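Engineer: Residue numbers (the numbering used here): 573 to 769.
Quick one: structure below, then a few questions.
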Amino acid sequence: MEDRQSSDRNPPRWDATQLRILGAAEQLIAQRGVGGVTIAELARAAGVSRPTIYRSWAGADEVVRAALLHRVVTLLERVPFAQTRAGIVDDVLRFSEAFQTDPLYSALLAREPEVFTRYTLHRFGASQQAILQRMAASIGAAQAGGTVRDGDPQHIGVMLLLIAQSAILSHGTVNELIDDASWERELRAALDGLLRP
């Protein structure tokens with residue numbers, strides 16, 4: 573079930589109480605994993621009642637999804653809006669680095685990769701939709717400027733997202749085969765090749 577706060581295509585807006593709950597959820601996930609997020613534990617950590625949580629989310633799974641979306645939105649806000657092919661490639665690499673070093677996502681990738689996979693690969697959720705919207709908008713702007721090939725910005729964005737997501741998820745697995753500088757260079761070449769007119 574998708575988080576009630578993110579059912580439309582606009583960036584979600586959370587009130588102060590919801591942000592406090594999401595912050596507590598992020599800390600619990602980073603410290604204990606997804607299994608550490610129960611409504612009772614979340615209420616304690618956020619200093620709110622269980623009914624307060626249930627007014628926004630149907631259960632712990634929805635809170636986890638909302639917390640992951642909140643982190644993605646926060647990370648996206650740190651990356652400038654690109655309007656050229658080179659800018660898009662730089663932004664994807666910048667976002668990838670921020671994603672891999674983020675306390676929440678790095679903990680999930682290191683300790684619970686199967687959970688990370690469940691929340692990101694088995695379905696196209698609100699977090700991926702937020703990233704895709706940003707990519708498609710940048711691709712459209714870069715197409716207008718002539719630096720990205722013709723094509724549906726959303727379709728190109730989907731492939732860009734798949735390449736980046738696969739590279740991020742596989743990075744730890746292949747780090748004995750390719751050093752970080754080479755990994756970045758090859759990812760940059762793959763992204764640029766997809767976008768080049």
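Cβ coordinates follow ideal geometry from the N, Cα and C atoms, glycine included.
Owing to the predicted nature of the structure, the values given are computational and were not obtained by experimental measurement.
Run the CB neighbour count on D575, radius 10 Å, all protein chains shown included, and call it buried at 16 or more, exposed below.
Structural biologist: Unreliable positioning characterises D575 in this predicted model, as indicated by a pLDDT of 37, which lies under 50. The coordinate reading is nonetheless provided below. D575 comes out buried.
Engineer: So is G744 buried or exposed if we call it buried at 16+ other beta carbons inside 10 Å?
Structural biologist: It counts as exposed.
Engineer: Going by alpha carbons, who is nearest to T589 out of G605, Q603, E748 and A617?
Structural biologist: The residue with the shortest Cα to Cα distance from T589 is A617.
Engineer: In chain order, which alpha helix (DSSP H) runs of at least 4 residues are fully inside the stretch 695-726?
Structural biologist: Complete alpha helix (DSSP H) runs here, min 4: 698-716.
Engineer: In three-state DSSP terms, what is D751?
Structural biologist: If DSSP states are grouped into helix, strand and coil, D751 belongs with coil.
Engineer: Is the stretch 649-667 close to the stretch 706-716, with three or more CB pairs under 8 Å?
Structural biologist: In short, these stretches touch, since the Cβ pair count reaches three.
Engineer: Measuring straight from C-alpha to C-alpha, what distance separates R627 and V720?
Structural biologist: Those two C-alpha atoms are separated by around 44 Å.
Engineer: Need the endpoints of the alpha helix (DSSP H) that D587 sits in, please.
Structural biologist: Run containing D587: none; DSSP gives neither H nor E here.
Engineer: Classify L734 as buried or exposed, calling it buried when 16 or more other Cβ atoms lie within 10 Å of its own Cβ.
Structural biologist: Result: exposed.
Engineer: For L641, tell me which candidate among A708, V620, W586 and S621 has the shortest Cα-Cα distance.
Structural biologist: Ranking A708, V620, W586 and S621 by Cα distance to L641 puts W586 first.
Engineer: Establish whether the CB of V746 and some CB of chain D are separated by less than 8 Å.
Structural biologist: Reference to chain D is not applicable here, since this structure consists of a single protein chain.
Engineer: Can you look up V664 in the DSSP assignment and give me helix, strand or coil?
Structural biologist: It is helical.
Engineer: Report the start-end ranges of each alpha helix (DSSP H) in the stretch 580-650 that is 4 residues or longer and not cut off at the edges.
Structural biologist: Taking only runs of at least 4 residues, the alpha helix (DSSP H) segments lying wholly in the stretch 580-650 are 588-604, 611-618, 622-628 and 632-649.
Engineer: Taking Q731 as the reference, which of I611, L763 and A597 has the closest Cα?
Structural biologist: Looking at the sequence provided, one finds Met at residue 731 rather than Gln. That would be L763, whose Cα lies nearest to the Cα of M731.
Engineer: I need the straight-line Cα distance from V644 to E748, nearest angstrom please.
Structural biologist: Their backbone Cα atoms lie some 28 Å apart in a straight line.
Engineer: Can you tell me whether DSSP reads P652 as helix, strand or coil?
Structural biologist: Three-state DSSP puts P652 in coil, outside helix and strand.
Engineer: How about V687 and V635: are their beta carbons less than 8 Å apart?
Structural biologist: Not a contact, by the Cβ cut-off of 8 Å.
Engineer: Could you give the first and the last residue of the continuous alpha helix (DSSP H) run that contains R683?
Structural biologist: Segment P675 to R683, the alpha helix (DSSP H) holding R683.
Engineer: Give every residue of the same chain whose Cβ lies closer than 8 Å to the Cβ of Q726, excluding the five residues on either side of it in the sequence, and list them in chain order.
Structural biologist: Counting only Cβ-Cβ distances below 8 Å, and skipping sequence neighbours, we find L704 and A708.
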